[in-house]
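Reading through the structure tokens given below for one structure.
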Amino acid sequence: DPKIIQKPKYLVAVTGSEKILICEQYLGHNAMYWYRQSAKKPLEFMFSYSYQKLMDNQTASSRFQPQSSKKNHLDLQITALKPDDSATYFCASSLPRGQDTQYFGPGTRLLVL
Amino acid sequence: GQQVKQSSPSLTVQEGGISILNCDYENDMFDYFAWYKKYPDNSPTLLISVRSNVDKREDGRLTVFLNKSGKHFSLHITASQPEDTAVYLCAAGRNQGGSAKLIFGEGTKLTVSS
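From first to last, the protein sequence lines stand for chains A and H. Take 52 as the starting number for the first sequence in the numbering used here and just add one per residue. Take 46 as the starting number for the second sequence in the numbering used here and just add one per residue.
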């Protein structure tokens with residue numbers, strides 16, 4: 052059974068629209084993350100949460116908003132989508148303090164037309 | 046600038062040989078170093094990691110060497126197999142408040158030829 056679920060696997064959106072990327076983890080972790088990989092760029096850190104609280108935000112744009120409704124959920128809302136937002140978005144999780152091994156979900160591939 | 050850098054975008058090794066993948070970093074506050082394996086259209090999978098209080102860790106055919114003074118770490122894969130062919134990502138981070146932002150390198154594509 053997959054331990055980190057990301058939905059949907061593929062997503063096509065039009066410029067200017069809004070989408071929500073879903074992430075749920077069943078590893079019992081309390082730290083969750085979002086990363087993004089655009090074409091020909093390194094995997095890039097976006098957000099980290101610990102115990103449902105934002106710890107770090109490296110995303111300059113407020114169009115990207117994480118949402119944590121439960122401790123094993125960290126969704127990513129993206130508004131006013133742009134073609135440059137096209138990328139694969141990976142959710143990850145880890146054990147809390149002192150344990151840094153991060154496990155990645157399968158990713159959501161977003162294409163903005 | 047790129048805080049974590051893999052200077053070799055690709056590497057080809059003969060089956061049975063040793064694959065050596067290198068990674069340099071800039072931030073001397075990093076205290077966690079990891080290597081991930083990634084296939085196209087798949088997510089990264091952790092291979093091996095070390096904390097800054099050790100300079101070497103072995104796990105089967107994998108060994109990580111950490112040189113903190115040189116801000117460099119490497120992954121050695123002995124007895125390389127064709128199934129080791131993949132993209133290898135190095136990552137470094139610092140644990141803060143129960144989470145750690147990982148900074149990834151650009152990746153090295155390893156090809157093991159039979």
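C-beta atoms are modelled at their ideal positions from N, C-alpha and C, and glycine is treated no differently. Note that the structure is a prediction, hence the values are computed from the model and not measured.
Any C-beta of chain H under 8 Å from that of residue i
| i | result |
| --- | --- |
| Phe96 (chain A) | yes |
| Pro157 (chain A) | yes |
| Phe115 (chain A) | no |
| Asn81 (chain A) | yes |
| Thr130 (chain A) | no |
| Ser14 (chain A) | Within the shown structure, residues of chain A are numbered from 52 to 164, placing residue 14 (chain A) beyond reach of any answer. |
| Thr5 (chain A) | For chain A, the structure presents residues 52 to 164; residue 5 (chain A) sits outside this window and is missing. |
| Thr152 (chain A) | yes |
For residue j and residue i, the rounded distance between their alpha carbons
| i | j | result |
| --- | --- | --- |
| Gln48 (chain H) | Ser114 (chain H) | 16 Å |
| Thr57 (chain H) | Ser159 (chain H) | 11 Å |
| Asp126 (chain A) | Ala143 (chain A) | 11 Å |
| Gly142 (chain H) | Ala111 (chain A) | 21 Å |
| Asp107 (chain A) | Met74 (chain H) | 16 Å |
Classification of residue i by the beta-carbon crowding that lies within 10 angstroms, buried from 16 upward
| i | result |
| --- | --- |
| Gly61 (chain H) | exposed |
| Gln54 (chain H) | Per the sequence presented here, residue 54 (chain H) reads as Pro, with Gln not at that position. It is exposed - the Cβ of Pro54 (chain H) has fewer than 16 other Cβ atoms within 10 Å. |
| Ile129 (chain A) | buried |
| Gln118 (chain A) | exposed |
| Lys146 (chain H) | buried |
Within-8 Å CB hit, residue i to chain A
| i | result |
| --- | --- |
| Ser53 (chain H) | no |
| Gln141 (chain H) | yes |
| Phe75 (chain H) | no |
| Leu111 (chain H) | no |
| said: Using 8 Å as the cut-off, can you tell me whether the stretch 58 to 73 of chain H makes contact with the stretch 112 to 127 of chain H, which would need three or more C-beta pairs spanning the two stretches below that distance? | reply: Between the stretch 58 to 73 of chain H and the stretch 112 to 127 of chain H there are three or more C-beta pairs closer than 8 Å, enough to call the two in contact.
| message | Using 8 Å as the cut-off, can you tell me whether the stretch 132 to 146 of chain A makes contact with the stretch 92 to 102 of chain H, which would need three or more C-beta pairs spanning the two stretches below that distance? | response | no
| field | At least three beta-carbon pairs within less than 8 Å, the stretch 96 to 113 of chain A to the stretch 124 to 144 of chain H | value | Because the criterion of three Cβ pairs below 8 Å is met, the stretch 96 to 113 of chain A and the stretch 124 to 144 of chain H touch.
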